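To convert a position in the sequence shown, counted from 1, into my numbering, add 150.
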Amino acid sequence: MNLQFTNFQTKQESIKITSFIKSTLKKQGFEKVIIPVSGGLDSSTCLLLCVKALVPEKVIAVKLPSAKQNMKLADLVIRQAGIPKKNVFEINIGKAVNQVVRSLGNKVNSLRKGNIMARVRMIITYDLAKKHAALVCGAENKSEYLLGYYTRFGDEACDLSPIKHLYKTQVYQLAEYLDVPKEIINQPPSAGFWPGQTDEKEFGFTYKQADQILYLYFEKGLNKKEIHRRIQRRLKSANTKTLNFANTKT
151 MNLQFTNFQT KQESIKITSF IKSTLKKQGF EKVIIPVSGG LDSSTCLLLC VKALVPEKVI
211 AVKLPSAKQN MKLADLVIRQ AGIPKKNVFE INIGKAVNQV VRSLGNKVNS LRKGNIMARV
271 RMIITYDLAK KHAALVCGAE NKSEYLLGYY TRFGDEACDL SPIKHLYKTQ VYQLAEYLDV
331 PKEIINQPPS AGFWPGQTDE KEFGFTYKQA DQILYLYFEK GLNKKEIHRR IQRRLKSANT
391 KTLNFANTKT
């Protein structure tokens, strides 16, 4: 069973979000935004929305890889967005993160190290934002927020959150509309905290599965029993629809 956000209009949503970005900058007295670009779905979608709202010259892209992180997909979407080279910064945070970890006694597990990584990225992003008089654009979506899957004062920290009201399922739909590169759309979602790390491995379920339940609970106000009943009914319906009845009469 796959919940479809059938009423989600990508074109109208794109217009709404770009209008929000423009009005926020105007209200706050800024002309530029800065966004950390990892090459993931959310940051790539936000980058293209910012360019659509402003112009490439008013958007600053910052790449903040750890020692072993590949930035090819980030480079791909930055080129597609037409960001000028003078507006693109790359700072490897690996040494800074390792130094913090060593200072804590080298007994830091992967999760803690990932949180340190996210916070170091935001320290650098906000410093560059100050230097270039820009607002920081975040890339958190509603699924991550409701699941608590973010680092406080890390990837959560920003001045504006253009897609925080959208479930991950909707972000995928919006990314398709904005022509986010297929390589980015098709890769497993990851915070890039360690090699092979993916969001869904950590969850033990997929975003599609999570969004079905989150939507029914938060948008429809259904309780646990009602959600279970609704999902079972849809599963039964889906299974029935996939049956293939062949005509064997001759």
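We put the beta carbon where it would ideally sit given N, CA and C, even for glycine.
Small disclaimer: the values here were computed from a predicted structure and weren't measured.
Residues in its own chain within less than 8 Å of residue i by CB, not counting five upstream and five downstream?
i    : result
Y322 : L191, I335
L226 : G189, P331, E333, I334
H282 : K182, I184, I210
E290 : D192, Y300, D305, E306, C308, S311, I313, K314
A360 : S293, L297, K318, F353
V247 : S216, K263, I266, M267, V270
Y276 : V286, A307
K370 : none
If we ignore side chains and look at the alpha-carbon of each, how far apart do residue i and residue j end up?
i    : j    : result
C287 : R379 : 39 Å
T301 : S311 : 15 Å
Q249 : L366 : 44 Å
F239 : S216 : 14 Å
A388 : L324 : Since pLDDT at A388 reaches only 45, below the 50 mark, its modelled position is unreliable, and the value read off the structure follows with that caveat. One C-alpha to the other measures close to 25 Å.
F158 : I274 : 35 Å
S194 : K177 : 25 Å
F368 : S253 : 42 Å
D113 : F303 : The structure shown does not extend to residue 113, since the chain is modelled only from 151 to 400, so the question has no answer here.
N237 : A231 : 12 Å
K375 : A224 : 42 Å
A341 : K351 : 12 Å
Q337 : L214 : 19 Å
L175 : Q382 : 46 Å
V258 : I377 : 39 Å
V146 : K358 : Shown here, the chain extends from 151 to 400; a query on residue 146 therefore has no answer.
For a quick check, are the C-beta atoms of residue i and residue j less than 9 Å apart?
i    : j    : result
R262 : I243 : no
V209 : K182 : yes
H315 : K280 : no
F180 : A284 : yes
L278 : I184 : yes
M221 : F343 : no
P234 : P206 : yes
V212 : I241 : yes
I228 : L197 : yes
Q320 : E163 : yes
Here's a check: name, in chain order, each residue in its chain whose Cβ is nearer than 6 Å to the Cβ of residue i, leaving out the five neighbours to either side.
i    : result
Y327 : T160
L406 : The chain is shown from 151 up to 400; residue 406 falls before or after that span and cannot be answered.
A203 : T168, I171, K172
P339 : D349
G255 : none
Grab me the residues of residue i's own chain with a C-beta within less than 7 Å of its C-beta, minus the 5 sequence neighbours each way, in chain order.
i    : result
L393 : With a pLDDT of 38 at L393, under the threshold of 50, the predicted position of this residue should be treated as unreliable, and no value is reported.
L372 : L366, R380
Q347 : S340, A341
Residue i: beta carbon under 8 Å from a heavy atom of the ligand FMN?
i    : result
K370 : The model depicted lacks the ligand FMN and carries no ligand whatsoever.
- Task: Could I get the ranges of all uninterrupted alpha helix (DSSP H) runs contained in the region 237 to 280, with 4 residues as the minimum, in chain order?
- Result: 244 to 253
- Where are the alpha helix (DSSP H) runs, 4 residues long or more, that stay fully inside the region 286 to 311, in chain order? 292 to 297
- Query: In the region 180 to 220, which residue ranges form an unbroken alpha helix (DSSP H) of at least 4 residues, counting only runs that do not cross its ends?
  - Reply: Fully enclosed alpha helix (DSSP H) runs of 4 or longer: 191 to 203.
- Query: In chain order, which alpha helix (DSSP H) runs of at least 4 residues are fully inside the region 301 to 374?
  - Reply: 318 to 327, 332 to 336, 349 to 353, 357 to 364
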